[in-house]
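Peer 1:
In the numbering used here, the protein residues as written are 18 to 203.
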């Protein structure tokens, strides 16, 4: 994609679930994609998202966009950076609605800084749950975004819970969304 990209508005809502995932000792998350490629989430991006964990009853949902690269040599995906909540976003305890203002400018700045070597890869937001699970509103919004079409042919969706981070991968004309499994080290 060249120049500016248009990032659509997204609304998400929370619901409960239980499951546990650990983070590597170097704080880089590694996930296996359905097509045997690998997703890496850099520690800097994780640190930004984790700042917004909803650990107190008064904490509101937060979110932003995922920015990163697709490697030419193996098509693996790296999430290098994320935008943080903007003043125009709508936030409550169990709902986050990302508005384009601010996030688009952040993406444009990253695109210029990286000399066109970064892409919009998807969305992230928090849930006030220990182990996050997407709500029906999350899934509906993800499918809507996937139908817009993107250069990468896929989108990633991250939900940050109190105890863990989970990732979903969306792809194809049918807007299929699957939860990714974290790679286990031998």
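The C-beta atom is built at its ideal place from N, Cα and C for all residues, glycine as well. Just so it is clear, the structure is predicted and the values come from calculations on it, not from any experiment.
1. For residue 98, write down the residues that DSSP places opposite it in a beta bridge.
2. May I have the straight-line CA-CA distance separating residue 205 from residue 197, to the nearest angstrom?
3. Which residue or residues does DSSP assign as beta-bridge partners of residue 57?
4. Note down the Cα distance separating residue 59 from residue 91, rounded to an integer number of angstroms.
5. Could I get the ranges of all uninterrupted alpha helix (DSSP H) runs contained in the segment 93-162, with 4 residues as the minimum, in chain order?
6. According to the neighbour-count rule (16 or more other Cβ atoms, all chains shown, within 10 Å of its Cβ), is residue 74 buried or exposed?
7. Distance check for residue 106 and residue 116, CA to CA, integer angstroms please.
8. Would DSSP call residue 176 helix, strand or coil?
9. Answer yes or no: the CB of residue 107 versus the heavy atoms of the ligand ADP, is any distance below 7 angstroms?
10. Using the Cα positions of residue 156 and residue 176, report the straight-line distance between them to the nearest angstrom.
11. So, for residue 62: in the same chain, excluding its five sequence neighbours on each side, which residues have a beta-carbon less than 7 angstroms away from its beta-carbon?
12. Give me the Cα-Cα distance between residue 163 and residue 57, rounded to the nearest whole angstrom.
13. Inspect the beta-carbon positions of residue 173 and residue 88 and report whether they are closer than 8 angstroms.
14. Rounded to whole angstroms, what's the CA-CA distance from residue 149 to residue 181? Just pull it up for me.
15. Taking the continuous beta strand (DSSP E) assigned at residue 182, which residues delimit it?
16. Is DSSP giving residue 68 helix, strand or coil here?
17. Compute the distance between the beta-carbons of residue 201 and residue 48, then report whether it is under 8 angstroms.
18. In this structure, what does DSSP give as the bridge partners for residue 5?
Peer 2: A quick look at the data gives this:
1. 84
2. Any answer about residue 205 is impossible in this case: the structure gives the chain only from 18 up to 203.
3. 47 and 95
4. 18 angstroms
5. 120-130
6. exposed
7. 5 angstroms
8. strand
9. Summarising the ligand content, the structure contains no ligands, and the ligand ADP is consequently not present.
10. 12 angstroms
11. 96, 97, 98 and 99
12. 21 angstroms
13. no
14. 7 angstroms
15. 182-188
16. coil
17. no
18. Absent from the structure is residue 5, since the part of the chain shown begins at 18 and ends at 203.
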